[in-house]
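Residue numbers (this note's numbering): 1 to 515.
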């Protein structure tokens, strides 16, 4: 009958409405953002499950509560509130707010009107963007360092060319004075200052993350032990040095000199932070970075890491300064007391070695720097002392290809002083022609990696077509990415980075010629 049909239709309609309501609620709960329906006095009328999960409570516990009490633990509405603004303007409003726990939220408020066009409710969409903003800041910071790093790399290259010429000429003058029996104090000082300048150039390249490095398996504990004795030379007696090393002996792939530089720079920074004395603690450990660690800290990828920690008991670093400490030339020290390059150099070295560095600090809490380097499973070779080698030549002929005139002339003078005959070339094409003219006489090549017209590797490969067994030494003051692109690593060719020290070059030449 008609009544039965109406009842069935009503039951069917109610079932459909119930199913639709369940599906709609499931859809709202599936959205990863926090969704809340708010009244004009900012009370929660409804909330999805993710909104409650973000607060760590149940969704039913949110109903009837003021949103500012739930999110901000405040007794009144926030000054900047998109929901409050939406009720006032009747428009969709948005903004970013920070809650008491330090989290950042992107908020979007959508007004809901009645049949008279009055705003009676609002839907708020809340998204936790704390991690996203942290990653964005890290990216901007990295890009800024990369830009300055490009400049530093270029400056260091030109600097190294000048230093090579200075060092070689001073070395020759020093040897001449020694033979004549006269004093050479001024030259010793100049040579020492040149060496100091070379250290600055290496630091600039380390900061720019493009220093030529020789990576090898290295025990982290050994690097700390070797550096510990050096630290005692410049850490004052009112600072106690404590070293705690893990018994697990972590091994990393790193450049020994760079890693020691990291330890010294961090220790120096700690020393300067404890003007009235304190405790410097250096520790090593092995940790496993899991997904939760990466998400919490905003860096790294899952795996095993060797950890180097350098702690001080100084006054600590405030939050605004902590955000700038890895920036180049930023320093809190007085003029003349520091360049502000120390921590940016550390940052560059660690990044170049596929690692990460973070800092924990606060006013009156001291400071802890932690360096994370990927742990590897490899044996570490013990270094053998080389047998003494005479540096003098026996009249061998060397083809020297270098486009920088001052560098070329200084190296030529050193080689001739030590008994070699030198054929000069100003670029790659010139070197190829000079070799063809002196093919039978040339015993060895010294080639700058980067030259106009034809680079060092291309020149070497062309000469090898003429003389397949010719020996060569490559030199360069350019950054390691250019050097790597020139295939020096793939071919394991002898390489010396500028500034070129005379005895280093002479030793390498004798090693090759004696084979």
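Ideal Cβ positions, reconstructed from N, Cα and C, are used throughout, including at glycine.
Thinking C-beta only, is residue 448 closer than 8 Å to residue 396? no
Would you kindly report the start and end of the unbroken alpha helix (DSSP H) that includes residue 426? Premise fails: residue 426 is in no alpha helix (DSSP H) and is neither H nor E.
What residues in its chain sit with their C-beta under 6 Å from that of residue 171, if we drop five residues either side in the sequence? 502
Could you pull out every residue in the same chain whose Cβ sits closer than 7 Å to the Cβ of residue 312, ignoring the five residues on either side in sequence? 270, 273, 274, 278, 280, 366, 367
For the candidate residues 40, 79, 88, whose alpha-carbon lies nearest to that of residue 553? For residue 553 there is no data in the structure shown, the boundaries of the chain being 1 and 515.
Can you round the beta-carbon distance between residue 441 and residue 460 to whole angstroms, since I take them to be within the 8 Å contact cut? Their Cβ separation, rounded to whole angstroms, is 18 Å, which puts residue 441 and residue 460 out of contact at 8 Å.
Taking the DSSP output, what are the residues bridged to residue 361? 367
Taking the alpha helix (DSSP H) that residue 75 belongs to, which residues open and close that run? Counting along the chain, residue 75 falls outside any alpha helix (DSSP H), and DSSP gives it neither H nor E.
Taking the alpha-carbon positions, what's the residue 130 to residue 364 distance? 26 Å
Residue interval of the beta strand (DSSP E) (run including residue 217): Element bounds for residue 217: 216-219.
Residue 335 burial status per 10 Å Cβ neighbour count (16 or more: buried): Because the pLDDT at residue 335 is just 40, under 50, the model does not fix this residue reliably, and the point stays unresolved.
Going by the beta-carbon positions, is the gap between residue 309 and residue 370 smaller than 8 Å? yes
Beta carbon of residue 307, beta carbon of residue 300: below 8 Å? Not a contact, by the Cβ cut-off of 8 Å.
Between residue 393 and residue 420, is the Cβ-Cβ spacing less than 8 Å? yes
Please report the straight-line C-alpha distance between residue 409 and residue 194, rounded to a whole angstrom. 18 Å
Does the distance from the CB of residue 399 to the CB of residue 425 come in under 8 Å? yes
Please report how far the alpha carbon of residue 90 lies from the alpha carbon of residue 80, in whole angstroms. For residue 90 and residue 80, the distance between alpha carbons rounds to 16 Å.
In the DSSP assignment, the beta strand (DSSP E) including residue 391 goes from what residue to what residue? Segment: none, residue 391 is in no beta strand (DSSP E) and carries neither H nor E.
I'd like to confirm the pairing. Which residues does DSSP put opposite residue 251 in its beta bridges? 219
Measure the alpha-carbon distance for residue 86 versus residue 42 and round it to whole angstroms. 11 Å
Counting along the chain, where does the beta strand (DSSP E) carrying residue 236 start and finish? It is not in any beta strand (DSSP E) - residue 236 carries neither H nor E in the DSSP assignment.
For residue 11 and residue 111, the rounded distance between their alpha carbons: Each residue's CA atom was taken as its position, placing residue 111 and residue 11 some 34 Å apart.
Looking at the strands, I want to know which residues DSSP matches up with residue 105. 97, 128
Whole-angstrom distance between residue 511 and residue 385, CA atom to CA atom: Note that residue 385 scores a pLDDT of 45, beneath 50, so its modelled location is shaky; the value from the coordinates is reported in the next line. The alpha-carbon atoms of residue 385 and residue 511 are separated by roughly 14 Å.
Beta-carbon contacts of residue 453 that lie in its chain and below 6 Å, excluding the five residues immediately before and after: 427, 428, 429
Going by DSSP, what residues sit across from residue 46 in a beta bridge? 37.
What is the DSSP secondary structure of residue 79, reduced to helix, strand or coil? coil
Output the distance between the C-alpha atoms of residue 178 and residue 266, rounded to the nearest integer angstrom. Those two C-alpha atoms are separated by around 40 Å.
Starting from residue 472, trace the beta strand (DSSP E) in both directions and tell me its first and last residue. 471-476 is the extent of the beta strand (DSSP E) around residue 472.
Near residue 2, what residues of its chain come up, given a Cβ to Cβ distance below 6 Å and the 5 sequence neighbours on each side ignored? none
Outcome for residue 38 when other beta-carbon atoms lying within 10 angstroms are tallied against a minimum of 16: buried
Once the 5 residues before and after residue 466 are set aside, which same chain residues still bring their CB inside 8 Å of it? 435, 436, 439
Tell me the DSSP bridge mates of residue 243? 282
Considering just the uninterrupted stretch of the alpha helix (DSSP H) at residue 446, what are its terminal residues? Where residue 446 is concerned, there is no enclosing alpha helix (DSSP H), although the beta strand (DSSP E) it sits in stretches over 442-448.
Measure the alpha-carbon distance for residue 268 versus residue 356 and round it to whole angstroms. One alpha carbon belongs to residue 268, the other to residue 356, and they sit about 20 Å apart.
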